[in-house]
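Structure record follows, encoded as structure tokens.
Residue numbers (my numbering): 100 to 686.
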């Protein structure tokens, strides 16, 4: 979130959260109080498992006389907590070598292997569990992928049918079985199997696009084009559907419709100009009829991207898609995107780098790579090279211009940022966000009046943007603007996100500026609870305590602010406040 802030107002810091680990091991990082007479094994188990009431579930694992390698188990478990899925998968495999019949280990090993994309190893573990009479949920998915990669369509049919018996595997199993029929020359059976998904009040999102792809595969030109139109109308806002159905239309004598679809449905994150040019010249990858492995990879990606799917489900199904076709750009783009959400940033970027330049997903992948270099890596040159290449390829698209401006602004190159922002406005990109970013750049160029004007334009375009409301409100407070107007903005921001500690800090500081110190203190205490290590917020709370006569508490908070101090606070000023308060206490 420091992305939204300028050096003069302080960089609001957010600690990274490993979302994936939280999903895999709920509460695993809690500190559990342990009595002195508890054994060392129990202490280790309590810390590793994360909850005292779960220890009994794991005691047998640790104390089995012929048990497995406990250190490997703990390493694997800790790797799961920290999101190091490859290490987790490998260490569970080591633990299994000393106790190959442990159901608990086999289940954990399967999940970590599948999540890590080790499809063949995961399939072997699932087969072991099945032979032991304890089949695991989704255990047939890796086996189905192996059958598909070997083009064993009869085998895929059997495994896919088995997968449909699993509640979580019904949709993917049905799609795979339908395509297994089609690949064996049983077209009617394939289409009928697909349409069995249309037996409820709301069919799956991808059903009609899958029907269009099957009709396209079967060479039914008119029917394929009509099905593509239906699919796109039912998934009106989905860019993936628009791209894939544009391909079906283009391959089935409706290239003009495909071009119109791209013009209307793809936003500025995509290089519409290049996609259309390639379609017109006959050089687009959308004109290539998909092979069976691409078709099945696309089916797996469709299931992964169903709205409401869990993060783990999205990662595993997208890894399955990459296994089915290692060059499937759609899967690499989305896998990178969901791995970013899981805080697996380095691997996410590797997948974005694998998206080919000829792909419709190339530009959005490059955007995310550029943002990674600009933000996470703080590498101006790498990000600049990516964004300027995008500008050269599509100079009328305002989005790369905005990103290039943001990259310059993040690295304190404010004049350069303004050049990109102004060019973006010339190309019709005068959005609320762009004016907000311009305001930040203008502020840092000491052009306060122009900055205020830009912030006001931003709010005129989007009056409910909480980040702009908070930032501009806080800006007014520190620049001697109207406190009442500032507080109104900040109140609105807090109402939209009451658990945002930075918004709460702005509200408290607003009341502080008005001299309402007790009310300020209440909001600032809440802000520190929400953001306990931000030095700016802690410093503000110390100031509020000082104004209400609570000098010892003020000294304590200022001391904490010094402990967490970074370039957003002036340590010398804080130290001076501490010394002054101590002197007052000694009088």
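No residue lacks a Cβ here, since even glycine has one placed at the ideal position from N, Cα and C.
Boundaries of the alpha helix (DSSP H) in which residue i is found, first to last residue
i: residue 224; result: 218-230
i: residue 521; result: 513-525
i: residue 42; result: Any answer about residue 42 is impossible in this case: the structure gives the chain only from 100 up to 686.
i: residue 612; result: 600-612
i: residue 632; result: Careful: residue 632 lies outside any alpha helix (DSSP H) and carries neither H nor E.
i: residue 659; result: 650-662
i: residue 305; result: Segment: none, residue 305 is in no alpha helix (DSSP H) and carries neither H nor E.
i: residue 487; result: 479-492
i: residue 472; result: Premise fails: residue 472 is in no alpha helix (DSSP H) and is neither H nor E.
i: residue 497; result: 497-509
i: residue 582; result: 582-595
i: residue 184; result: 184-197
i: residue 549; result: 547-560
i: residue 273; result: 269-282
i: residue 248; result: 239-248
i: residue 379; result: 371-380
i: residue 203; result: 202-214
i: residue 564; result: Note, residue 564: premise wrong, no alpha helix (DSSP H); not H, not E.
i: residue 540; result: 531-543
i: residue 406; result: Segment: none, residue 406 is in no alpha helix (DSSP H) and carries neither H nor E.
i: residue 331; result: 320-333
i: residue 439; result: 428-440
i: residue 528; result: Careful: residue 528 lies outside any alpha helix (DSSP H) and carries neither H nor E.
Own chain residues within Cβ distance below 6 Å of residue i, not counting five before or after
i: residue 632; result: 663
i: residue 303; result: 270, 296
i: residue 163; result: Residue placement at residue 163 is poorly supported in this model, since its pLDDT is 44, which falls under 50; the coordinates are not used for a value here.
i: residue 447; result: 435, 438, 439
i: residue 392; result: 423, 424
i: residue 139; result: Note that residue 139 scores a pLDDT of 32, beneath 50, so its modelled location is shaky and nothing firm can be said.
i: residue 654; result: 677, 680
i: residue 535; result: 557, 567
i: residue 472; result: 478, 481, 482
i: residue 511; result: none
Buried/exposed call for residue i, threshold 16 Cβ in 10 Å
i: residue 699; result: Outside the displayed span of the chain (100 to 686) sits residue 699, for which this structure offers no information.
i: residue 299; result: exposed
i: residue 301; result: exposed
i: residue 443; result: buried
i: residue 291; result: exposed
i: residue 158; result: Residue confidence for residue 158 is low, a pLDDT of 42 falling below 50, so the modelled location carries little weight and cannot support an answer.
i: residue 527; result: exposed
i: residue 619; result: buried
i: residue 111; result: Because residue 111 carries a pLDDT of 41, less than 50, the predicted location of this residue cannot be relied on, and no value is offered for it.
i: residue 366; result: exposed
i: residue 179; result: buried
i: residue 148; result: Confidence at residue 148 is low in this model, with a pLDDT of 38, below 50, so the placement of that residue should be treated as unreliable; the coordinate-derived value is given next. Buried, since its Cβ has 16 or more Cβ neighbours within 10 Å.
i: residue 211; result: buried
i: residue 452; result: exposed
i: residue 687; result: Given a span of 100 to 686 for the chain in the structure shown, any question on residue 687 remains unanswerable.
i: residue 651; result: exposed
i: residue 284; result: exposed
i: residue 598; result: exposed
Cβ-based neighbour list, residue i, same chain, cut-off 7 Å, excluding 5 preceding and 5 following
i: residue 102; result: Below a pLDDT of 50, predicted positions are generally treated as unreliable, and residue 102, at 31, falls in that range; no measurement from the model is reported.
i: residue 603; result: 593, 622, 625, 626, 629
i: residue 394; result: 278, 312, 316
i: residue 541; result: 549, 550, 553
i: residue 185; result: 215
i: residue 289; result: 277, 278, 280, 281, 313
i: residue 460; result: 428, 429, 432, 454
i: residue 259; result: 243, 272, 275, 276, 279
i: residue 665; result: 634
i: residue 638; result: 657, 660, 668, 673
i: residue 686; result: none
i: residue 190; result: 171, 174, 175, 178
Own chain partners of residue i with C-beta closer than 8 Å, once the 5 adjacent residues on each side are dropped
i: residue 293; result: 273, 274, 277, 306, 309, 310, 313
i: residue 263; result: 269, 272, 273, 276
i: residue 514; result: 544
i: residue 213; result: 221, 237, 240, 241, 415, 418
Any non-hydrogen atom of the ligand GTP closer than 7 Å to residue i Cβ
i: residue 685; result: With respect to the ligand GTP, the structure offers nothing, as it holds no ligand at all.
Segment contact flag, the region 412-432 with the region 322-330, C-beta cutoff 8 Å, min 3 pairs: no
Check whether the region 374-386 touches the region 395-403, counting contact only when three or more Cβ pairs, one atom from each stretch, lie closer than 8 Å. no
Should the region 573-580 be called in touch with the region 605-619, which here means at least 3 C-beta pairs below 8 Å? yes
With a cut-off of 8 Å, do at least 3 Cβ pairs link the region 366-376 to the region 502-512? no
Is it the case that the region 190-202 contacts the region 402-415, given that we only count it when at least three CB pairs across the two stretches are under 8 Å? no
Would you call the region 374-382 and the region 408-419 in contact, with 3 or more CB pairs under 8 Å? The answer is no - the region 408-419 does not touch the region 374-382, with fewer than three Cβ pairs under 8 Å.
At least 3 beta-carbon pairs within less than 8 Å: the region 251-260 vs the region 215-234: no
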